[in-house]
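Mind the numbering: the sequence shown is residues -27 to -1, 1 to 316 in mature numbering (1 follows the signal peptide of the UniProt record, and there is no 0), read in order.
Even for Gly, the Cβ is constructed at its ideal location relative to N, Cα and C.
Given the structure is predicted, the values throughout are model-derived calculations rather than measurements.
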Amino acid sequence: MIRKTSLIAVGVVAALGISLWGGSAMAQGDSYTIKFGNVISAGDTQNQGYALFADLVKERSDGRIKVQVYPDSQLGGEREMIEATQFGDIEMTAPSVGVLANFDKSLEVFDFPFIFEDAETAYKVLDSELGDEMLAGLQNSGLIALGWGENGFRNLAMVKGTVKTPDEMKGIKLRTMQVPMHIAYWRSIGAAPTPMPFPEVFTSLQQGVVDGVENPYELLYSAKFTEPAHYLTETRHIYDPEVILISKDFFEGLSAEDQKIIQGAADEMVAKIRSLKATISDEIRAKIVAAGGTVTDLTDAERQQWIDSAIPFYKENASKVDTEKLKAILEAAGNTTYLEAIQ
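Below, the structure is given as structure tokens:
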């Protein structure tokens, strides 16, 4: 949702008939195209949601507004597309919150492991006033968040064998995103986190540059990472929201009518993505197994080892982020284990 303070500013701009976009006016009724880039494979649930967004915007604007979706990193990696959205080279993107935290430090709290036990808990927190507050700060970076999307829970995929406990990660070269807290957690349990851009991961797994990768099941499968890394473990170590972003200058240069069309379509897109995500993990697991891979569930005792492994990490790193926001997120999620650890 767009915050009240943003709407006031937007209303003033719209009332004056002014656009900050490209230095020229965008009058009500103008036709234009929105470029929407992402790193997700074309058939994945997110891109099904993005396609719905494009259809809704076109329909509700009577064809005036077209949305061109560019999947599969066609317009660059996540960081590159965030910057392109800031500078107006593209209008929209939907990065993982971990990468976006490089642009708004307050979002780093979502990079801590094992915050959410399930997606329903995550939705409750993200859709609250606290979740809205977390997105509002992006406006200082020239971005407006239209809502929380979803990648899902991140799991492990290894090349040489199944990993069940944190101790088995010692010395493992694991591809991660360039996210400081992700890197710090894996390093804290003895792994060798190796950040690299998404397009380089498949070849790196094939050639042994890294021993494994961590991503949601759907992304692991659609990017074909499960071909070289076919030993999967359902760790669910991080819930990975994405954020639907639009250029602030571009959005504020639109008429109030067009802003309403775009925001309304974005709300329906998020609902669609969440609906699709509800069943996709089980479907993808079945496909991975059918293709010869293995997917291992942790026992309660094994999962507890993973949760316990993060307690020292929380104690060491909570002070490096917005600690009060981290506490608020943990409290809203009902996560007393880490809340008690950092009090």
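Just the C-alpha distance for residue i and residue j, rounded to the nearest angstrom, thanks.
| i | j | result |
| --- | --- | --- |
| V182 | A202 | 12 Å |
| N11 | I284 | 34 Å |
| Y23 | R37 | 18 Å |
| E81 | L299 | 9 Å |
| V216 | I280 | 26 Å |
| E200 | D62 | 35 Å |
| residue 327 | E187 | Outside the modelled stretch of the chain, which goes from -27 to 316, sits residue 327, for which no answer is possible. |
| R209 | N20 | 22 Å |
| G50 | E123 | 17 Å |
| residue 323 | E304 | With the chain covering only -27 through 316, there is no way to say anything about residue 323. |
| K197 | S69 | 19 Å |
| Q176 | E53 | Inspection of the sequence shows that residue 176 is occupied by Thr rather than by Gln. Each residue's Cα considered, the two are about 21 Å apart. |
| L48 | F87 | 32 Å |
| S4 | Q151 | 38 Å |
| Q112 | H155 | 25 Å |
| G125 | G307 | 19 Å |
| F85 | S34 | 40 Å |
| I302 | A74 | 15 Å |
| D255 | Q316 | 37 Å |
| V72 | A157 | 15 Å |
| D28 | K133 | 43 Å |
| A274 | K260 | 27 Å |
| T149 | W159 | 9 Å |
Which residue comes first and which comes last in the beta strand (DSSP E) that contains residue i?
| i | result |
| --- | --- |
| D213 | 204 to 213 |
| K221 | It is not in any beta strand (DSSP E) - K221 instead sits in the alpha helix (DSSP H) that spans 221 to 225. |
| R148 | 146 to 149 |
| Q41 | 38 to 43 |
| P166 | 165 to 168 |
| P81 | Here residue 81 turns out to be Glu, not Pro, going by the sequence shown. Taken as a continuous stretch (DSSP letters only), E81 belongs to no beta strand (DSSP E), as it is neither H nor E. |
| N11 | Premise fails: N11 is in no beta strand (DSSP E) and is neither H nor E. |
| T269 | 267 to 270 |
| E289 | From DSSP, E289 is part of no beta strand (DSSP E) but of the alpha helix (DSSP H) over 284 to 290. |
Within the same chain, show all residues whose beta-carbon is closer than 6 Å to that of residue i, passing over the 5 residues directly before and after it, in chain order.
| i | result |
| --- | --- |
| T58 | T66, L218, S220 |
| E207 | N128, D270 |
| A314 | I284, Y287, K288 |
| D257 | It is worth fixing the name first, because residue 257 is Ile in this sequence and not Asp. Only Y190, E191, Y194 meet the Cβ criterion. |
| A164 | M142, I145, L147 |
| K8 | Q41, I63, E64 |
| L25 | M242, K245 |
| A239 | L119, G120, I217 |
| S161 | F286 |
Should residue i go down as buried or exposed, given a rule of 16 or more other Cβ atoms within 10 Å for buried?
| i | result |
| --- | --- |
| T252 | exposed |
| A264 | exposed |
| F286 | buried |
| P168 | exposed |
| G185 | buried |
| T272 | exposed |
| D17 | buried |
| S248 | exposed |
| G226 | buried |
| G144 | exposed |
| V174 | buried |
| T309 | exposed |
| T6 | exposed |
| S292 | exposed |
| P166 | buried |
| D222 | buried |
| V262 | exposed |
| P244 | Note that residue 244 is Ala in the sequence shown, not Pro. Per the 10 Å Cβ criterion, exposed. |
| P172 | exposed |
Please return the same chain residues whose Cβ sits closer than 7 Å to the Cβ of residue i, not counting the five positions on each side in sequence.
| i | result |
| --- | --- |
| S114 | Q59, F76, D77 |
| Q278 | T138, P139 |
| T135 | Y204, T206, T267, T269 |
| S79 | M107, G110, D295, K298 |
| G104 | V98, W121 |
| M131 | D184, G185, A202, Y204 |
| F89 | A95, Y212, A306 |
I need the boundaries of the alpha helix (DSSP H) containing residue i, first residue and last residue.
| i | result |
| --- | --- |
| K300 | 296 to 305 |
| R127 | From DSSP, R127 is part of no alpha helix (DSSP H) but of the beta strand (DSSP E) over 125 to 131. |
| K260 | 229 to 263 |
| N20 | 18 to 33 |
| T176 | 174 to 180 |
| V72 | 70 to 73 |
| residue 364 | It is not possible to answer for residue 364, since the shown part of the chain is limited to -27 through 316. |
| A118 | Looking at the DSSP string, A118 is not in any alpha helix (DSSP H); the run it does join, the beta strand (DSSP E), is 116 to 121. |
| G104 | 102 to 109 |
| E53 | 51 to 60 |
| E191 | 190 to 195 |
Considering only residues of the same chain and omitting the five flanking positions on each side of residue i, which have a CB-CB separation below 8 Å?
| i | result |
| --- | --- |
| E230 | Q1 |
| K31 | I38, K39, V40 |
| P214 | S69, V70, F83, A95, L99, W121, G122, E123, N124 |
| F224 | V(-18), I117, Q232, I235 |
| A15 | P44, D45 |
| A92 | E123, G125, F126, Y212, R247, K250, A251 |
Report yes or no: do three or more beta-carbon pairs, one from the stretch 33 to 49 and one from the stretch 87 to 106, lie closer than 8 Å?
No, the stretch 33 to 49 does not touch the stretch 87 to 106.
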